[in-house]
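Each remark here refers to the structure printed beneath this line.
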Amino acid sequence: MHKKIDAFNSYIHQLFKTYKLFFSSAKVVSLLLIVLLPIQAIVPLISVQVGQNIIDNIVSHSGVWILFVVWVITTLLIQILPTISLMIQGVLTDKLTGFINITLMNKSRDLKSLNIFDDPKYFDDLQMLKSDASWRPVNLIVFGLSVVQQAITLIAMFAVLSKYNLILSLALIFVMIPQSISYYRIQQDSFETMVTRSKNARKLNYYSSMLLDREDSKEVRLFNMFSPIIGKYKELFSSTQNDVNGIRRKQALISTLYLSLVTIVIGYGFYWFIDSVISGNNKIGVLLFYVSVISYISSSMARIVEDSSLLYDSLLWVDKFYNFINFKDSIYDGKQSFPKEFKTLNISNVSFKYPFFEKYALNNITFSVNRGERIAIVGENRSGKSTLVKLLMRFYDVTKGNISIDGLDVSSISIEDYRDNMSATFQDFSKFKLSLGENVSAAKPYSSDKVMESLNKVGLKDFLVSKNINLKTVMSKEFVDGTDASGGQWQKIALARDLYND
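Heads up: take any position in the sequence shown, counting from 1, add 1, and you land on our numbering.
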């Protein structure tokens with residue numbers, strides 16, 4: 002029982018965190034929706050009660066035309082308000098999508114180290130945040146606001162029904178809420194079996210991406226891997242789907258039992274209202290009221306369950322969003338400036354192990370480099386050469402020992418200032434899907450003359466002429482008029498990036 006209460010409290014907590022995101026991204030638009038949603042939720046009830054009064058007045062030969070005008074207005078509002086709400090939600094979706102992506106990018110900028118990429122939990126969260134950031138805001142808004150609107154409608158309908166028969170209203174709550182909770186839990190079990198709990202989910206994803214992504218396209222075609230991979234996918238998908246089908250059978254049985262109880266209670270309610278009209282306790286219009294209210298209660302309850310279920314995984318995404326935003330980078334960022342005329346770089350008794358690893362990647366390394374000196378660091382694969390460069394670039398703090406410039410520990414230097422004066426070309430250098438000029442300047446103040454000078458120094462002048470490439474050419478065939486380069490040419494572009502940064 003405690004687990005269920007905790008799960009419910011967690012759901013509500015995540016829901017409020019989501020609404021907080023709405024306000025953070027667009028306060029005015031969010032306030033408009035706060036005003037609009039209750040109106041949109043209550044108008045159907047007003048329309049039902051006006052229709053009830055019209056029928057009662059017709060039977061009693063009283064005036065109906067004012068009520069008729071009111072009914073037309075409420076009916077018009079029922080038709081128009083969803084369109085207005087949808088337009089405002091669209092504006093909020095745009096603003097929320099932009100806000101979330103900019104917030105994620107700003108947080109990434111604040112992370113000076115690579116520690117987060119070594120934490121499996123945060124790394125998985127980061128991949129999900131990155132891949133879903135374009136469409137999760139839509140789910141959050143559509144389903145998050147729908148839950149609120151339907152809840153207001155539901156409360157209003159139950160409140161008015163209670164004025165006629167409190168016991169009937171309580172009986173409906175007693176049978177419909179457990180049915181909804183049960184259906185919600187089954188929906189979640191189905192989702193978690195197929196996506197979250199399934200050990201096969203990542204494999205299914207990988208098999209699909211092998212045949213669809215550009216990364217593996219050459220080898221897949223060269224070795225004709227399509228049939229074996231599709232076979233693996235089908236086999237794995239089939240076994241996973243069997244679990245979901247079991248849940249669906251359970252869902253059908255439980256839903257049938259609960260719906261039978263709901264039908265009995267609704268039937269009793271209709272009998273009670275018919276009897277009250279026959280006995281003269283209520284007017285005939287109350288029958289229209291009851292049928293309409295039951296219809297709204299049933300549809301609102303179903304929408305809440307369905308939308309809450311669909312919202313569930315998006316709320317988990319919001320939780321991962323806040324976890325990432327609240328992640329604390331452990332690297333020390335100093336305040337001192339980089340020495341402009343330094344003489345010696347010293348690596349003294351440096352040992353290092355990556356976060357979440359017990360084995361040291363570097364052990365007790367000591368050497369020094371004088372200004373203007375050129376050295377070569379030679380070693381076998383996985384001997385720590387790249388790791389040493391990462392430490393020199395201040396992507397990590399050393400575990401033991403220290404790195405210093407003229408006796409000044411590099412950890413005391415501002416990381417931003419430090420990297421403005423350092424540069425490196427990595428084995429796995431980045432191939433930015435930007436213009437050639439931007440690939441070389443890499444966000445430094447742009448100078449086309451300096452870009453061309455850097456490209457000429459690495460021997461790419463002939464390549465640019467022969468391929469008719471200019472500095473504005475996008476270096477990716479994924480974009481219109483874009484191009485690509487060979488592995489060796491990309492390596493030279495990366496080297497030019499280093500020279501530009503000098």
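C-beta atoms are modelled at their ideal positions from N, C-alpha and C, and glycine is treated no differently.
### Task
Determine which residues share a DSSP beta bridge with T345 and list them.
The residue you call residue 345 lines up with position 344 of the sequence shown. Partner(s): N371.
### Check whether L389 and I366 have beta carbons under 9 angstroms apart
As a first step, residue 389 must be located in the sequence shown, where it is residue number 388. As a first step, residue 366 must be located in the sequence shown, where it is residue number 365. Cβ distance < 9 angstroms, so L389 and I366 count as in contact.
### Query
Can you list, in chain order, the residues of its chain whose CB lies under 8 angstroms from that of V44, leaving out five sequence neighbours each side?
In the sequence shown, the residue the question calls residue 44 occupies position 43. Taken in chain order, the residues that qualify are T75, L78, I79 and L82.
### Message
Measuring straight from C-alpha to C-alpha, what distance separates V459 and S477?
### Response
As a first step, residue 459 must be located in the sequence shown, where it is residue number 458. As a first step, residue 477 must be located in the sequence shown, where it is residue number 476. Whole-angstrom Cα-Cα distance: 21 angstroms.
### Message
Quick check: what's the CA-CA separation for V509 versus N166?
### Response
Outside the displayed span of the chain (2 to 503) sits residue 509, for which this structure offers no information.
### Message
Quick check: what's the CA-CA separation for S144 versus D308?
### Response
On the sequence shown, residue 144 is found 143 positions in, with the first residue counted as 1. On the sequence shown, residue 308 is found 307 positions in, with the first residue counted as 1. It should be pointed out that residue 144 corresponds to Phe in this sequence rather than to Ser. Cα to Cα, F144 sits roughly 5 angstroms from D308.
### Message
Check this for me: beta carbons of N422 and S412, under 9 angstroms apart or not?
### Response
Residue mapping note: residue 422 aligns to position 421 of the sequence shown, counting from 1. Residue mapping note: residue 412 aligns to position 411 of the sequence shown, counting from 1. No; because the gap between Cβ atoms is not below 9 angstroms, this pair is not in contact.
### First and last residue of the uninterrupted beta strand (DSSP E) at K401
By one-based count along the sequence shown, residue 401 stands at place 400. Counting along the chain, the beta strand (DSSP E) containing K401 begins and ends at K401 to I406.
### Task
With distances taken Cα to Cα, identify the nearest neighbour of R351 among P340, F224, D410 and I47.
The residue labelled residue 351 in the question sits at position 350 within the sequence shown. The amino acid occupying residue 351 in the given sequence is Val; Arg does not appear at that position. Of the listed residues, the one whose Cα sits closest to V351 is D410.
### Query
How do the stretch 365–382 and the stretch 432–452 stand: do at least 3 beta-carbon pairs fall below 8 angstroms, yes or no?
no
### Task
Identify whether F238 lies in helix, strand or coil by the three-state DSSP scheme.
Residue numbering aside, residue 238 sits at position 237 when the sequence shown is read from its first letter. Looking at F238 - three-state DSSP - the assignment turns out to be helix.
### Task
Quick one: give me the first and last residue of the alpha helix (DSSP H) that N502 is part of.
Here residue 502 refers to the residue found at position 501 of the sequence shown. It spans G488 to N502 - the alpha helix (DSSP H) in which N502 sits, taken as one unbroken run.
### Segment limits, alpha helix (DSSP H) that includes N107
Indexing the sequence shown from 1 puts residue 107 at position 106. Element bounds for N107: W66 to D111.
### Message
Is it buried or exposed, V1, if we count other Cβ atoms within 10 angstroms and call 16 or more buried?
### Response
No information on residue 1 is available, as it lies outside the stretch 2 to 503 that the chain covers here.
### Task
Would you list, in sequence order, the uninterrupted alpha helix (DSSP H) runs of no fewer than 4 residues that lie entirely inside the stretch 273–348?
286–326
### Message
Helix, strand or coil, according to DSSP, for F427 in the structure here?
### Response
Along the sequence shown, one-based indexing puts residue 427 at 426. It is coil, neither helix nor strand.
### Task
Would you identify the three-state DSSP class for L141, choosing helix, strand or coil?
Here residue 141 is taken as the residue at index 140 of the sequence shown, counted from 1. If DSSP states are grouped into helix, strand and coil, L141 belongs with the helices.
### Message
What does DSSP give as the partner residue(s) for D410 in the beta ladder?
### Response
On the sequence shown, residue 410 is found 409 positions in, with the first residue counted as 1. Its beta-bridge partners are S405.
### Query
Does the stretch 129–142 come close enough to the stretch 93–108 that 3 or more CB-CB pairs lie under 8 angstroms?
yes
### Message
By the DSSP assignment, the alpha helix (DSSP H) with M226 in it spans what residues?
### Response
Walking along the sequence shown from the start, residue 226 turns up at place 225. Taken as a continuous stretch (DSSP letters only), M226 belongs to no alpha helix (DSSP H), as it is neither H nor E.
### Assigned exposure category for K344 - 16 Cβ within 10 Å defines buried
Residue mapping note: residue 344 aligns to position 343 of the sequence shown, counting from 1. The residue is exposed, with fewer than 16 neighbouring Cβ atoms inside 10 Å.
### Task
Excluding the 5 residues preceding and the 5 following T154 in the sequence, name in chain order all residues of the same chain whose CB lies nearer than 8 angstroms to its CB.
Position 153 of the sequence shown, counted from the start, is the residue given in the question as residue 154. Closer than 8 angstroms at the Cβ level, and outside the excluded window around T154, lie A42, I43, P45, L46, Y297 and S301.
### Query
Is it right to say G91 is buried, meaning 16 or more other beta carbons lie within 10 angstroms of its own, or is it exposed?
Taking the first residue of the sequence shown as position 1, residue 91 is located at position 90. Counting Cβ neighbours within 10 Å, G91 comes out exposed, since fewer than 16 surround it.
### Task
Ignore the nearest five residues each way along the sequence and tell me which others in L504's own chain have a CB closer than 8 angstroms to its CB.
Residue 504 lies beyond the range of the chain shown here (2 to 503); nothing can be said about it.
### Task
May I ask which residues mark the beginning and end of the alpha helix (DSSP H) holding D418?
Mapped onto the sequence shown, residue 418 falls at position 417. Segment I416 to D421, the alpha helix (DSSP H) holding D418.
### Query
Under 9 angstroms, do D119 and P340 count as touching if we go by C-beta distance?
As a first step, residue 119 is located in the sequence shown; it is residue number 118 there, counting from the start. As a first step, residue 340 is located in the sequence shown; it is residue number 339 there, counting from the start. The answer is no: Cβ separation not under 9 angstroms.
### Query
Just the Cα atoms here: how many angstroms apart are L34 and K18?
On the sequence shown, position 33 is the one that residue 34 refers to. On the sequence shown, position 17 is the one that residue 18 refers to. Cα to Cα, the separation comes out at about 17 angstroms.
### Query
Nearest-angstrom Cα distance between L93 and V148?
To locate residue 93, count along the sequence shown from 1; it is residue 92. To locate residue 148, count along the sequence shown from 1; it is residue 147. Cα-Cα distance, rounded: 17 angstroms.
### Task
Select from V287, K401 and S338 the residue whose C-alpha is nearest the C-alpha of I348.
If you number the sequence shown from 1, residue 348 lands on position 347. Among V287, K401 and S338, the Cα nearest to that of I348 belongs to K401.
### Message
Please report the distance separating the alpha-carbon of V306 from that of L312.
### Response
As a working mapping, residue 306 is identified with position 305 in the sequence shown. As a working mapping, residue 312 is identified with position 311 in the sequence shown. Each residue's Cα considered, the two are about 10 angstroms apart.
### Where V351 sits in the DSSP three-state scheme
For the purposes of this step, residue 351 is identified with residue 350 of the sequence shown, where counting begins at 1. Of the three classes helix, strand and coil, the one that applies to V351 here is strand, per DSSP.
### Query
Just reading off the alpha helix (DSSP H) that T388 is part of, what are its end residues?
Indexing the sequence shown from 1 puts residue 388 at position 387. For T388, the enclosing alpha helix (DSSP H) starts and ends at K386 to L393.
### Query
Can the beta-carbon of V266 be found less than 9 angstroms from the beta-carbon of L169?
Mapped onto the sequence shown, residue 266 falls at position 265. Mapped onto the sequence shown, residue 169 falls at position 168. Yes, the Cβ-Cβ distance between V266 and L169 is below 9 angstroms.
### Task
Report the residue from A425, I494, A134 and F480 whose alpha carbon sits nearest the alpha carbon of L465.
Sequence index remark: in the sequence shown, residue 465 carries index 464 (1-based). The option with the nearest alpha carbon to L465 is I494.
### Message
Which same chain residues end up closer than 8 angstroms to F480 when comparing Cβ atoms and leaving out the 5 residues on each side of it in sequence?
### Response
On the sequence shown, position 479 is the one that residue 480 refers to. Only K434 meet the Cβ criterion.
### Message
Assuming the contact rule is C-beta atoms closer than 8 angstroms, L288 and F274 should be a hit. Round their C-beta distance to whole Å, please.
### Response
The count along the sequence shown starts at 1 and reaches residue 288 at position 287. The count along the sequence shown starts at 1 and reaches residue 274 at position 273. Confirmed, Cβ separation roughly 6 angstroms.
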